[in-house]
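In my numbering, the protein residues as written are 17 to 306. From the three backbone atoms N, C-alpha and C, an ideal C-beta is built for every residue, glycine too. Down below is the structure, laid out as structure tokens.
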Amino acid sequence: MIAALALAILSSLCFGVALVTGRIGLRSLDARSGAGISIPTATALFALATPFAFDAEGFTVQAMLWFAFVGLFFPAVVTILTFRSNETLGPTVTGAVSGTAPLFALLAAALLLGESIPAQAAVASVAIVAGVALISWKQSAVRSEFLGWSLLWPISGAVVRGFAQAGAKAGLLLWPNPFAASLIGYSVSSATVIGANQIGRSTRPKPTKHGIAWFAVTGVLNGGAVLLMYAALNIAPVSLIAPIVATYPLVTALASAVVLREEPVTRRMVAGATLIVLAIVYLVGSRTGA
């Protein structure tokens, strides 16, 4: 339990910082080009680590297909949707709406895995979503053009992210190998974003060294976050891991305040952070007591 909790928290930290570095990269590149850099960068690192970290013991074709299927959507589609939302709405609003992912993860775990979702997990997830909204939502950033269709970017990303966690868990139940899940998923995702990046490439800004560097860093952070999340899912249920990983907008908000200086730390942010911490303590305490 403690190991799974630590892995999930580290994953949340990486996801949160990646949202900020991705925002910096978007100053000079578009979302699709950014995804075409970040995901292949992480894939290359996984490939380099393969001789040292890959273990074929327990391999099953069904598990490999699960990991590959998840890779079609996560991180490929989620990354593009997140970058596009980040580009349109900024990291704070993106984080607020993306924080609904654990609700979809719990639903997917029940539908795909038949996982019993404790009432405590549902309560904690709702509290985390509320805390994320308090932390991330900037009223001054919600202009009229941000409403409506623009919100579909982060909402769609949250849905895909939630179902991807359950899909990855399904594969890990067959082949408990988080590194293989990351390697296979990222390999498929790389092919997806590289192909998507070729469409309309001539009409988009040319990559700059600055943009490439920031998106490469973003790819490393996201790749590490996914590996840590899969490692946590390998030893704990979705109902425990998904809500904790979903706290990454807390990291994003704090990093944005320090690095991007987009918003000072306010009582609203402190209240949201307190609510998130209490929700996690409640969730972990209820699982430990069970």
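Check, Outcome
"Any idea what DSSP makes of glutamate 73, helix, strand or coil?", "coil"
"Let me make sure I understand the geometry here. Which of Val145, Leu122, Phe99 and Leu128 has the alpha-carbon closest to that of alanine 135?", "Leu122"
"Suppose the cutoff is 7 Å on Cβ atoms and the five residues either side in sequence are ignored; what does the same chain contact list for threonine 76 look like?", "Leu190 and Trp191"
"Of all the options Val286, Ser255 and Val261, which has the alpha carbon lying nearest to the alpha carbon of leucine 129?", "Ser255"
"Could you compute how far the alpha carbon of valine 36 sits from the alpha carbon of alanine 271?", "7 Å"
"In three-state terms, what does DSSP make of threonine 268?", "helix"
"Kindly provide the ranges of any beta strand (DSSP E) runs that are 3 or more residues long and lie completely inside the region 190-261, ordered along the chain.", "none"
"Please classify leucine 285: does DSSP put it in a helix, a strand, or coil?", "Note that residue 285 corresponds to methionine in the displayed sequence, not to leucine. Three-state DSSP puts methionine 285 in a helix."
"Which stretch, first to last residue, makes up the alpha helix (DSSP H) that contains alanine 34?", "18-41"
"Can you tell me whether glutamate 73 is buried or exposed, with buried defined as 16 or more other CB within 10 angstroms of its CB?", "exposed"
"Are the region 57-64 and the region 287-305 in contact at 8 Å, needing three or more beta carbon pairs?", "no"
"Distance check for leucine 249 and lysine 185, CA to CA, integer angstroms please.", "6 Å"
"Can you tell me whether leucine 45 is helix, strand or coil according to DSSP?", "coil"
"Using CA coordinates, which residue listed in Ala20, Ile25, Tyr202 and Leu21 is at the minimum distance from leucine 266?", "Ile25"
"Going by C-alpha distance, which of Glu103, Val275 and Thr98 is nearest glycine 115?", "Thr98"
"Would you decide whether methionine 17 is buried or exposed? Buried here means 16 or more other CB atoms lie within 10 Å of its CB.", "exposed"
"Measuring CA to CA, which of Thr282, Ala289, Val286 and Val275 is closest to proline 107?", "Val275"
"Rounded to the nearest angstrom, what separates phenylalanine 70 and valine 204 at their Cα positions?", "17 Å"
"Quick one: using the 10 Å Cβ neighbour count with 16 as the cut-off for buried, is glutamine 214 buried or exposed?", "exposed"
"The alpha helix (DSSP H) spanning glutamate 103 covers which residue range?", "92-105"
"Measure how close the beta-carbons of valine 209 and alanine 51 come, nearest whole angstrom, since I'm counting them as under 8 Å.", "5 Å"
"Just to confirm the assignment, what range does the alpha helix (DSSP H) spanning alanine 273 have?", "Unbroken run through alanine 273: none, as it is neither H nor E."
"Hey, would you say arginine 100 sits closer than 8 Å to alanine 19, going by beta carbons?", "no"
"With a cut-off of 8 Å, does the C-beta of isoleucine 200 fall near any C-beta of chain B?", "Absent here is chain B; the protein component of the structure consists of one chain."
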